[in-house]
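Under my numbering, think of the first position of the sequence shown as 11, with each following residue one higher. Where a beta carbon is used, it is the ideal one built from N, C-alpha and C, also for glycine. The next block holds one structure in the form of structure tokens; read it before the comments.
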Amino acid sequence: MLVYHLPGTLDTREADLDLLWEAGATGLEERAGVIRAYFDARSDLPVPISDGEWREEADQDWLAEFKRTLRPVRAGRVTIVPPWLREEVEAGQLPLVIEPGMAFGTGHHATTRLAVEALSGLNLVALGPDGRGARVLDVGTGSGVLAIAAALLGARFAYGVDIDPITIPIARENAGENGVPPGRVRFAEGTLGEEAATFPEEGVDAYDVVVANLYAELHDLLAGEYLAELVPGGPLVLTGILTVKLPLVRAALEREGFGDVRETLDGEWALVTARA
Ligand code: SAM
Numbered sequence: 011m012l013v014y015h016l017p018g019t020l021d022t023r024e025a026d027l028d029l030l031w032e033a034g035a036t037g038l039e040e041r042a043g044v045i046r047a048y049f050d051a052r053s054d055l056p057v058p059i060s061d062g063e064w065r066e067e068a069d070q071d072w073l074a075e076f077k078r079t080l081r082p083v084r085a086g087r088v089t090i091v092p093p094w095l096r097e098e099v100e101a102g103q104l105p106l107v108i109e110p111g112m113a114f115g116t117g118h119h120a121t122t123r124l125a126v127e128a129l130s131g132l133n134l135v136a137l138g139p140d141g142r143g144a145r146v147l148d149v150g151t152g153s154g155v156l157a158i159a160a161a162l163l164g165a166r167f168a169y170g171v172d173i174d175p176i177t178i179p180i181a182r183e184n185a186g187e188n189g190v191p192p193g194r195v196r197f198a199e200g201t202l203g204e205e206a207a208t209f210p211e212e213g214v215d216a217y218d219v220v221v222a223n224l225y226a227e228l229h230d231l232l233a234g235e236y237l238a239e240l241v242p243g244g245p246l247v248l249t250g251i252l253t254v255k256l257p258l259v260r261a262a263l264e265r266e267g268f269g270d271v272r273e274t275l276d277g278e279w280a281l282v283t284a285r286a
């Protein structure tokens, strides 16, 4: 990478910037009192901008740099990893592979970790009719991480919905990456209400667990819908809640008649569980 270092800032040398562009610069930035002008090839520079210095610099691969910073995230019995760290999952932990990308939910946010921990603490294998495994609804599925975690933890099936259509193929791909068969996890664009009220192939009219990593104001709006989707006594797992907004969520759950309300805090974030 060829960079021309010109002393000064984009402000102090404003009058010279056009000369850099005319000389063939492909980009300009300022760092620590030096203008860095990127070029594909050296060129003769006119006197006003000839007080700089040409330098060949190593290319920075920002994506590789970002990937190097990622570490496995342990959440209860599950360890969330990107595909290239799969081998680092400790024996006894369930690997949950998520390709970091456009959809929220790599496990590196406290709320995702809290929600996976909470799912891990439920006995998803034993819940559900005839003890055949829980039917789980994940509202705001993003990368699909919570629905996939539920399936890996023994849910009979998990249904992930999201209002953002770009998340759906990403979530499906992540489910495939984890070897979860399509019958065990399904994703659809949508939100609570009519679209999420049935699980097409199973004819489900209620879920054994509802999990939602959204935000406090939305939990307040959806609290009645959560109740309508859950079997009596079914666990509700809510996160995405800033601790300062906890009173709003507590009030909404009380209003709808949820019981056994418990809170887990992680820095400024909270997770709330309750029973329908
Ligand atoms: N479930 C993932 C996790 O725990 O990491 C992603 C959570 S991310 C914070 C919230 C997701 O909810 C986003 O993908 C967003 O598009 C979706 N969302 C926002 N409002 C929604 C709504 N009203 N109904 C369904 N999904 C919604």
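One thing to note: ILE108 has its Cβ no nearer than 8 Å to the Cβ of VAL146.
The residues PHE197, in chain order, have a CB closer than 6 Å to that of ARG182 in the same chain once the five nearest residues on each side in sequence are set aside.
When DSSP states are grouped into helix, strand and coil, LEU73 belongs to the helix group. Every alpha helix (DSSP H) of 4 residues or more that sits fully in the region 242-276 is shown, in chain order, as 256-266.
Within 7 Å of the C-beta of ASP172 there is at least one heavy atom belonging to ligand 1. In the structure shown, HIS119 falls within a coil segment according to DSSP collapsed to helix, strand and coil. If you draw a straight line from the Cα of THR22 to the Cα of LEU38, it comes to about 14 Å.
Counting only runs of at least 4 residues, the region 130-175 fully encloses the following alpha helix (DSSP H) elements, listed from N- to C-terminal order: 155-162. VAL190 sits in coil when the DSSP states are folded into three classes, being neither helix nor strand. PRO139 counts as exposed, since fewer than 16 other C-beta atoms from the protein chains shown sit within 10 angstroms of its C-beta.
C-alpha of ARG285 to C-alpha of LEU104: approximately 26 Å in a straight line. Two segments are said to touch when three or more pairs of C-beta atoms, one from each, lie closer than 8 Å; by this definition the region 254-264 touches the region 274-282. In this structure, the beta-carbon distance from GLY86 to VAL126 falls below 8 Å.
Residue VAL13 holds the alpha-carbon nearest to the alpha-carbon of TYR48 among GLU98, VAL13, VAL195, GLU100.
Residue state for ARG96 is assigned as helix, using DSSP reduced to three classes. Your pair ARG194 and PHE167 checks out as a contact, with CB atoms roughly 5 Å apart and the cut at 8 Å. LEU252 and GLY18 have their C-alpha atoms roughly 43 Å apart. Residue pairing from DSSP leaves PRO110 without any beta-bridge partner. Sixteen is the threshold: since fewer than 16 other Cβ atoms of the shown chains lie within 10 Å of the Cβ of PRO58, the residue is exposed. Using a Cβ distance threshold of 8 Å, GLU266 and ALA222 do not count as a contacting pair. In the DSSP assignment, TYR236 falls within the alpha helix (DSSP H) that extends over 226-239.
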